[in-house]
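I have placed the structure first, in the form of structure tokens, so that the comments after it can refer back to it.
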Amino acid sequence: MSLMYTAGSLVAARGREWVVLPESAPDMLVLRPLGGSEDDIAAVFPSFEEVRPAEFAAPGPDDLGDQRSAGLLRTALRIGFRSGAGPFRSLASIAVEPRAYQLVPLLMALRQRTVRLLISDDVGIGKTVEAGLIAKELLAQGEAARLAVLCSPALAEQWQSELREKFAIDAELVLASTVSRLERNLELGQSLFDKHPYTIISTDFIKSTRHREDFVRNCPDLVIVDEAHSCVAADDTTQGSASTSNQLRYELLRKISADTGRHLLLLTATPHSGKESAFRNLLGLVRPELATLDLESPAGRARLAEHFVARKRADVRDYLTKEDGLADDSLAERTAFPSDRWTKDEPYKLTPAYRALLDDAIAYARDRVATAGEQGRREARIAWWSVIALLRSMVSSPAAAAQTLKTRSESAAARTAQEADALGFPVAADSADNDRLEGMDVAPGAAESEEAGARLLELSQRAAELVGPAGDAKLKALTRHLKSLIADGYHPIVFCRYIPTAEYLATQLEGKLGKKTRIAAVTGTLSPQQRLERIEQLAAETTEEAGDPAVRRVLIATDCLSEGVNLQHHFDAVVHYDLAWNPTRHDQREGRVDRYGQKRDQVRVITMFGEDNGIDGKVLKVLFEKHRQIMRDLGISVSVPDETASGVTDAVVEWLLLHGRQGSQESLFELDGHQESFDRIEREWNSAAEREKTSRSKYAQRAIHPEEVAREVAAVRAALGGAEEVRDFALEALGGLDTLVRDPRDGSGDFTAQPGGAPAGLRDALAATLGGRLVEEDREIPFRATPAIARGEAALVRTDPVIGAIASYVLDSALDANTPGPRPARRCGVVTTDAVTVRTTLLLVRYRFHLTLPSRNGERQLVAEDARLLAYEGMPSRARWLDDDATAALLAARATANTHEQLVRNQITKDLNGLPDLAAHLTEYGTRLAAELDASHRRVRKANEEIVRGLKVVPQEPADVLGVYVYLPQQPVAAASASTVSGAEA
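In this note's numbering, the protein residues as written are 43 to 1028.
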């Protein structure tokens, strides 16, 4: 039974025009609004609703626009496209404009039948966006139907937000806190992962055996694993609870990756953070054969390069330039990473009362360890972890010390020495594994028994008496550093180790940093979602007062925010109030603000350390100086293995117990039995650094050459428009819609607009994306040249919702002559200009194409759209067609003389009446364009012939002529007639 309407044809229903999609049936039409997205698709039943054939009406001679009309209408049309015909199905429908370098993993993915990638780009480059691009593309092409993201629970909400806001993927959170609610809505025998096609699953949740097995049985065909290095363990790892968790996750991923038809994306900035065997295990998850490759051979490295991309900032800061082997810099793209970190180590000295307290605490610790050592291995390990907890909280703050001294030690309940280590290590050490950050900011306990209670209680009371700047010199020093940062215009984050310290600082600093400084604290007492809400609330409060240059924001946070949460839009300086015992933790903290989207070129970092507390200075010298040296040598950070960091800090604590605070620095390296340990640590760390260096040089991405990326970037920009076009469009459209535009012309490309004078329809659309209050109060809306923006701002990229709202209004008002108020774009125009020497006509034409895209799940039929400019000289019946460059140049033509009103009407009427004479050429052009698109699809997928077998691109006839614009050559005239209209009105 044949369809009444063929796929790609136009119909009118429900008061608008639609495109018929291939999924239609005789009794039900599946329709997409003309120019709309897949989110707007609707089903219409012709038996119950009126549906009639529709033809796209040609422009009329009575609705004439000015010289800007063609460019505005063309850009508005291209911005509105959500179903492009090019090989990247998703780029037209996402709310982020990817950087050119972020297309590299996507190109790698499209050349694989089953996508298996290890994406190891440096911190802050944008791995989430790269993974989101691949996921969206696979879903759009039908190569994948379901998606799961595995991540730490602290990052789940952020992943959900990124996927929803940037990629229109609405994923369900599957967390320990949500699983009960989700399971109540399941049908008998139904799995969570059947009911919800897109899920974000916390690693905590998946540890449950029942849920883990359910996930394996019903695992989606596309899985993204964040922080993948935490999901593998070295073959000889012996570290209790850490290796157990890693092993569980590793076994899970082995089962998932065993399905050779499943797409798998592994994300990590530190693929070599552990031992060589852990790296090999990670590669084995991508493809089993990669685990045993000879990576020293060119053939082995070439094989790995098909699945592994690892770049540092210097590799992508300036991309697609002549230095990358391109002929010129026409497609060059500079990414605004902060150029440098200004770092300084700031010492402080304890007050006499605090020194006395710490000395007494060290004496207690020394006695406790000595006594426990005589009682057995279990008691010794319990005492060891209790002592570390005591000393760490003591140098953190008097509030943390007071809490720790009256709280029972976590390890006190251990039945064996091994169990004591498993309980004590996570709360006392600073693991490089961010999966262990959640819940680790509570103040640890130091009390082990009733006998020790009185002595510890006395120390606790003394600690409580030292709160405030008089007794706490560290707090006093912090206040001084913050005032300096605030005076220089910075918005700092202060990172602490423990919740009592963060809360103590927030209380003590209130009112001490100036009346215009707003302070908030975020700790593990808040859920991940509440943390983000508190940060946004702080940002909103200071944004509302942004007109006052003295307004600043200060965030006090524990390490619950040190990994994964993006804070670069609101903060630009980091203060390490508590020195971490692993330099990797400092990298994680600083990486929250030093990343793509940070507006400051230089991020400031202050590391505070106690020069006389016996701990900080030695940790700083042994661990941090080595870490910084490797950073200077390689240009990247090498993660410090937990065993390395804990080996050093154990030695520091032992030294402190033996020598007290005043012992000589050199004696740290003279402890019996420790020199060999330090030598081993040095060798392991140097080995890790060498592996990372080798990875970046030998295994770096070489599967996709910059020339290939440049070709696809040029094609995408030709179809969808580039940044300059979007900026020019926004400026002209907003000006033509009666908004108050202020362009500082300072070279940044930024400008502002107040929407108060705009038509009501545009104001409503802007309010929906920016917030009603901003529009109602007629505030300035900042338009930024960078895609990385803060709340209440708009990015000058085609996928930004604000730009989309403007484009939609311009397009709709151009197509509807009855729209009230200003209409900056019109479908016709006549301009007299010195830019042409013969009569020239510019056409804006929309093409529709039938795409047959083969995939592993069968062929998929799609209807896509493209907009093109065509131009000819002379009259329609004898048209001499111009090439693409000459056609595009007409958009810059400006009126240089007035045009007689009657001449305007006569000239435009001739072209409109002559449109039938152009039909053959428009059809031929559409056929040629379809062939180019076919070649583009095949080029992108060239590595796998099976992927392109059956690919077809067929143009739908006739093409839609949206705009007709006539350019008349300027002729010498004696005088202007009274009945002329200016070129700016014609």
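For every residue, glycine included, the Cβ atom is placed at its ideal position computed from N, Cα and C.
Selected residue, minimal CA-CA separation from residue i, among the options
i      : options                        : result
Ala913 : Arg922, Val905, Ala906, Glu907 : Arg922
Tyr292 : Cys602, Ala320, Asn948, Arg936 : Ala320
Ala347 : Glu901, Leu149, Glu59          : Leu149
Lys448 : Thr965, Arg759, Ala506, Asp620 : Ala506
Ala374 : Ser381, Asp382, Glu365, Pro380 : Glu365
Arg116 : Pro389, Ser850, Arg627         : Ser850
Ala412 : Thr965, Leu189, Trp426, Leu433 : Trp426
Ala403 : Gly415, Ala444, Arg865         : Ala444
Lys249 : Leu808, Val267, Ala218, Asp236 : Ala218
Arg576 : Pro591, Ala378, Ile598         : Ile598
Asp104 : Val221, Arg898, Val616, Arg868 : Arg868
Arg980 : Pro129, Arg120, Val62, Leu71   : Pro129
Asp953 : Arg898, Thr882, Val982, Ser897 : Thr882
His238 : Val695, Ile83, Ala187, Ala198  : Ala187
Arg155 : Thr965, Arg898, Glu915, Ser919 : Arg898
Ala407 : Glu388, Arg419, Arg434         : Arg434
Leu911 : Glu97, Ser51, Val61, Leu114    : Leu114
Thr600 : Phe537, Arg573, Val258, Val905 : Phe537
Asp382 : Asp643, Pro394, Leu160         : Asp643
Thr941 : Val62, Gly107, Pro88, Leu73    : Gly107
Leu924 : Val138, Ala398, Leu884, Arg888 : Leu884
Glu632 : Val616, Lys641, Asp620         : Val616
Arg637 : Lys169, Ala802, Glu421         : Lys169
Gly166 : Asn323, Arg141, Ile83          : Arg141
Where the alpha helix (DSSP H) through residue i begins and ends
i      : result
Phe98  : From DSSP, Phe98 is part of no alpha helix (DSSP H); its letter is neither H nor E.
Arg457 : No alpha helix (DSSP H) contains Arg457, which DSSP labels as neither H nor E.
Arg420 : 419 to 438
Arg158 : Run containing Arg158: none in the alpha helix (DSSP H); it sits in the beta strand (DSSP E), 158 to 161.
Leu857 : 843 to 857
Distance between beta carbons of residue j and residue i, contact taken as under 8 Å
i      : j      : result
Leu853 : Gly122 : 6 Å
Asp357 : Arg376 : With a Cβ gap of about 13 Å, Asp357 and Arg376 do not count as contacting.
Glu766 : Pro866 : Not a contact, Cβ separation roughly 18 Å.
Ala515 : Lys391 : 6 Å
Cys261 : Ala190 : 7 Å
Ala210 : Ile266 : Their Cβ separation, rounded to whole angstroms, is 16 Å, which puts Ala210 and Ile266 out of contact at 8 Å.
Ala305 : Val157 : In the sequence as displayed, the identity of residue 305 is His instead of Ala. Right, the Cβ-Cβ distance comes to about 4 Å (below 8 Å), so this counts as a contact.
Whether residue i touches residue j by CB criterion (9 Å)
i      : j       : result
Thr312 : Ser194  : no
Val437 : Asp246  : no
Pro109 : Gly871  : The question names Pro, but residue 109 in the sequence shown is Gln. Contact: yes.
Ala581 : Thr565  : no
Phe634 : Ile541  : Before going further, note that residue 634 is Arg rather than Phe in the sequence given. Contact: no.
Ala49  : Pro95   : no
Val647 : Trp623  : no
Thr894 : Val996  : yes
Leu812 : Ala836  : yes
Arg254 : Leu290  : yes
Arg888 : Leu119  : yes
Ala935 : Tyr1009 : yes
Residues sharing a beta bridge with residue i, DSSP
i      : result
Ser244 : Cys193
Met650 : Glu388
Lys994 : Thr894
Thr559 : Arg594
Ala795 : Val783, Ile823
Pro534 : Ala615
Phe87  : In the DSSP output, where bridge partners are listed per residue, Phe87 has none listed.
Arg74  : Val61
Limits of the unbroken beta strand (DSSP E) element including residue i
i       : result
Arg888  : 882 to 895
His963  : Run containing His963: none in the beta strand (DSSP E); it sits in the alpha helix (DSSP H), 957 to 982.
Glu1067 : Since the displayed the chain opens at 43 and closes at 1028, residue 1067 lies outside it and no answer follows.
Ile823  : 823 to 826
Glu774  : Looking at the DSSP string, Glu774 is not in any beta strand (DSSP E); the run it does join, the alpha helix (DSSP H), is 765 to 778.
Thr875  : 870 to 875
Glu907  : 902 to 915
Leu52   : 52 to 55
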